[in-house]
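Worksheet: one structure, shown below.
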Amino acid sequence: MRPFWSGTITFGLVSVPVNLFPANQTSRVPLRTLGSEGQPLARKYYSETTERNLAADEMVRGYEIEKGKYVVVTDEELDRLAPDKTRDIDLTRFVKEDSIPPIYFERGYFLTPAANSEKAYKLLAEAMEKSGQAGIATFVMRGKEYLVAIFSDHGILRAETMRFPDELRSPADVGLPKKKKVPPATVRKFETLISKKSKKDFSTAKLADEQTARLLKLVKKKKAKRSNVVHVKGEEHENGNVIDLVQILKKSLAGKSK
Amino acid sequence: MAARAIWKGELKIGSTKIPVKLYSAVVDRTVRFHILDDKQLARVKQRMVNPDSDEEVAREEVQKGYEVEPGTFVIVTDEDLESIKPAPSREIEITEFVPPEKISQQWYERPYYLAPDGDEKAYFALAEALENRKREGIAHWVMRNKPYVGALRAQDGYLVLFTLRNAEEVVSANALPKPAGREPSTKELNMAKHLISLLEGEFNPAEYKDEYRKRVMEFIERKAKGRAPRLNAVKSKRKTTSLDSALAKSIAALKKEKRAA
Chain A
12 MRPFWSGTIT FGLVSVPVNL FPANQTSRVP LRTLGSEGQP LARKYYSETT ERNLAADEMV
72 RGYEIEKGKY VVVTDEELDR LAPDKTRDID LTRFVKEDSI PPIYFERGYF LTPAANSEKA
132 YKLLAEAMEK SGQAGIATFV MRGKEYLVAI FSDHGILRAE TMRFPDELRS PADVGLPKKK
192 KVPPATVRKF ETLISKKSKK DFSTAKLADE QTARLLKLVK KKKAKRSNVV HVKGEEHENG
252 NVIDLVQILK KSLAGKSK
Chain B
1205 MAARAIWKGE LKIGSTKIPV KLYSAVVDRT VRFHILDDKQ LARVKQRMVN PDSDEEVARE
1265 EVQKGYEVEP GTFVIVTDED LESIKPAPSR EIEITEFVPP EKISQQWYER PYYLAPDGDE
1325 KAYFALAEAL ENRKREGIAH WVMRNKPYVG ALRAQDGYLV LFTLRNAEEV VSANALPKPA
1385 GREPSTKELN MAKHLISLLE GEFNPAEYKD EYRKRVMEFI ERKAKGRAPR LNAVKSKRKT
1445 TSLDSALAKS IAALKKEKRA A
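In order, the protein sequences belong to chains A and B.
For the first sequence, position 128 (counting from the first letter as 1) is numbered 139 according to our numbering, and the numbering increases by one without interruption.
For the second sequence, position 192 (counting from the first letter as 1) is numbered 1396 according to our numbering, and the numbering increases by one without interruption.
Pasting the structure below:
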């Protein structure tokens, strides 16, 4: 699998070419859409006026400037709108790792060394880990600008994309009431409650996807009972689109992705 | 203008209950494009087709299936999906409190502001207590037929509830090998740490603006008036220097900058 994106981290005058892979994946069970005989269906785009199905090269991207009126914007234009220097992940600021409020965090990506950058990559990762700092940068990737915090996590650089300040509401925007002074005794009551229910650590076992587990259990039961099971001839080979992200990352970190 | 609450519930800690309203803390500012067919420049529609004949399959005939083995599907009906829905509830149950640094950034997904809904005293007291004790609550609730695990946190005196990702959704660096390649020398490491310390500062979000989004919108507006500007092609050439000399030059440049400031 090709990386999601390839780019360069710059750090002073040091540049580190990197590949970027998502660190999040969906946990939901993929349910396929099937026809009445159980045959897998395909989703197609079509034109309402001609009723014809459309191939990928018969479609363009448009911004609705007024109702029903669109401005077409090409991939090339979106690409050219980003000046060269905005494509680099330029670490111009380092902040204490735990100083960023979580309200900013959006999603994670792993950065792996590319094009003989292992030495500079390891140096940056180790120096960041030792100093307990996260690097902050903005850069344009695939038609969108990102604000990121880059953390060194077990020797691997991980970028968390962050919301820009204008993508977050303030308590005043939401219309929350003015803060109230409350009697210290009430605060103490809650502090006692917090202490009583405090744990030293957080176990991610709590984050198991219950809903998917329930669906899988139901599927297993139905399969055992042979109720509602269909077999489609000629579909036996179709299982190639399950992507094992961990395997891809392992290869990339070992320098075998090229 | 005040936002609209998206949900109402009750925070439950032991036997204590605090009624709250939920508001999204996020505003979507993505530049949204539509897919058009290139001849009519009209929005395209989607339909399900039989891949062999390319013929449309009527909505009533479509079913959902889970592939248990290649080519073998277990049909999952609407009734099946209904039967596994979690029981509806208005409770946001806080089961425990943990130090915030124990929850990695990777888990946080979407933030919601909580507003007091009748008991301001308890609401602000809980926010203050969470701040004083430096703890986040682990929350469990069901919203719109979906079970959530989340983190309850005080921010600037208000309560913020985050949905957390499922365990299966996050790849942990723990599960990955260290990158290949030789270890940096002590000298290089010290120089790199020095460079980091010269760039050290506070996280100040107000410094960052989405300039690209602005540029895209300006371009669209000019193109709509028939005056699209010419855009230069992208070139990406970079000269390489040795790691040591790049580090040394960076440090020298930053020190000079600091002295001048």
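Glycine included, C-beta positions come from ideal geometry on N, C-alpha and C.
Answer with buried or exposed for residue 1252(B), where buried requires no fewer than 16 other C-beta atoms within 10 angstroms of its C-beta. By the neighbour-count rule (16 or more Cβ atoms within 10 Å), residue 1252(B) is buried.
Environment of residue 212(A) [buried if 16+ CB atoms lie within 10 Å]: exposed
Helix, strand or coil for residue 240(A) per DSSP? strand
Taking its Cβ as the centre, do 16 or more other Cβ atoms sit within 10 Å of residue 1405(B), making it buried, or is it exposed? exposed
With DSSP collapsed to three states, give me the class of residue 1237(B). coil
Below 8 Å CB to CB, which residues in the same chain sit around residue 1269(B) once its five sequence neighbours on both sides are set aside? 1277, 1278, 1279 and 1280
Measuring only the C-alpha atoms, how far is residue 233(A) from residue 176(A)? 49 Å
Output needed for residue 192(A): all residues of its chain with C-beta closer than 7 Å, excluding positions within five of it in sequence on either side, in chain order. none
Between the C-alpha atoms of residue 1458(B) and residue 1402(B), what's the straight-line distance to the nearest angstrom? Inter-residue distance for residue 1458(B) and residue 1402(B) is about 7 Å (C-alpha atoms, whole angstroms).
Per DSSP, cross-strand counterpart(s) of residue 1356(B): In the DSSP output, where bridge partners are listed per residue, residue 1356(B) has 1341(B) and 1365(B).
Sequence-distant residues of the same chain with beta carbon closer than 7 Å to residue 1321(B), five excluded per side: 1212, 1223, 1224 and 1225
Exposed unless 16 or more other CB atoms sit within 10 angstroms - verdict on residue 1464(B): exposed
Out of 149(A), 97(A), 43(A) and 61(A), which one is the CA nearest neighbour of residue 1266(B)? When only C-alpha atoms are compared, the closest one is 43(A).
Residue 1215(B) and residue 1342(B): beta carbons closer than 8 Å? At the C-beta level, residue 1215(B) and residue 1342(B) stay beyond 8 Å of one another.
Test item: CB-CB of residue 160(A) and residue 178(A) under 8 Å: No; because the gap between Cβ atoms is not below 8 Å, this pair is not in contact.
Using DSSP bridges, identify the partner residues of residue 1250(B). 56(A)
Taking only beta carbons into account, state which residues of the region 1228 to 1241 of chain B come closer than 9 Å to chain A, listed in chain order. 1228, 1229, 1230, 1231, 1232, 1233, 1234, 1235, 1236, 1237, 1238, 1239, 1240 and 1241
Starting from residue 182(A), follow the alpha helix (DSSP H) in both directions and report where the run begins and ends. 182 to 185
Alpha-carbon to alpha-carbon, residue 1290(B) and residue 1282(B): 15 Å
Quick test of your reading: residue 1397(B) and residue 142(A), contact by CB under 8 Å. State the CB separation rounded to the nearest angstrom. 5 Å
Against chain B, with Cβ distances strictly below 8 Å, would residue 100(A) count as a contact? Interface criterion not met: the Cβ of residue 100(A) is under 8 Å from no Cβ in chain B.
Minimum Cβ-Cβ distance from residue 1213(B) to chain A less than 8 Å: No - not a single Cβ of chain A is within 8 Å of the one on residue 1213(B).
Please give me, in chain order, every unbroken run of the beta strand (DSSP E) with length at least 3 that falls completely inside the region 1383 to 1435 of chain B. none
Using the rule of at least 16 other Cβ atoms within 10 Å of the residue's Cβ for burial, across every protein chain shown, is residue 202(A) buried or exposed? buried
Given this structure, state the Cα-to-Cα distance separating residue 1395(B) from residue 120(A), to the nearest angstrom. 27 Å
Counting only beta-carbon atoms, is residue 66(A) nearer than 8 Å to chain B? No, residue 66(A) lies away from the interface with chain B (no Cβ there is under 8 Å from its Cβ).
Could you check whether the Cβ of residue 158(A) sits closer than 8 Å to any Cβ belonging to chain B? yes
When the Cα atoms are used, what is the spatial distance from residue 1250(B) to residue 223(A)? C-alpha separation (whole angstroms): 27 Å.
Let me check one thing: in DSSP terms, what residues is residue 1269(B) bridge-paired to? Paired residue(s): 43(A) and 1279(B).
Whole-angstrom C-beta distance between residue 125(A) and residue 17(A), which should lie under 8 Å: 6 Å
At a Cβ cut of 7 Å, what residues of the region 1362 to 1379 of chain B count as close to chain A, listed as they run along the chain? 1362, 1364, 1366, 1368, 1369, 1370, 1371, 1372, 1373, 1374, 1375, 1377, 1378 and 1379
Top-ranked residue by Cα proximity to residue 15(A), from 137(A), 104(A) and 36(A): 36(A)
For the beta strand (DSSP E) holding residue 149(A), just list the boundary residues, first then last. 144 to 152
Indicate the three-state DSSP secondary structure (helix, strand or coil) for residue 1303(B) in the structure shown. coil
If the criterion is Cβ atoms closer than 8 Å, does the pair residue 27(A) and residue 157(A) meet it? no
Could you run through the region 1415 to 1440 of chain B and flag, in chain order, every residue whose CB is less than 7 Å away from some CB of chain A? Residues are counted here when their Cβ sits less than 7 Å from a Cβ of chain A; for the region 1415 to 1440 of chain B these are 1415, 1416, 1417, 1419, 1420, 1423, 1424, 1427, 1428, 1435, 1436, 1437, 1438, 1439 and 1440, given in chain order.
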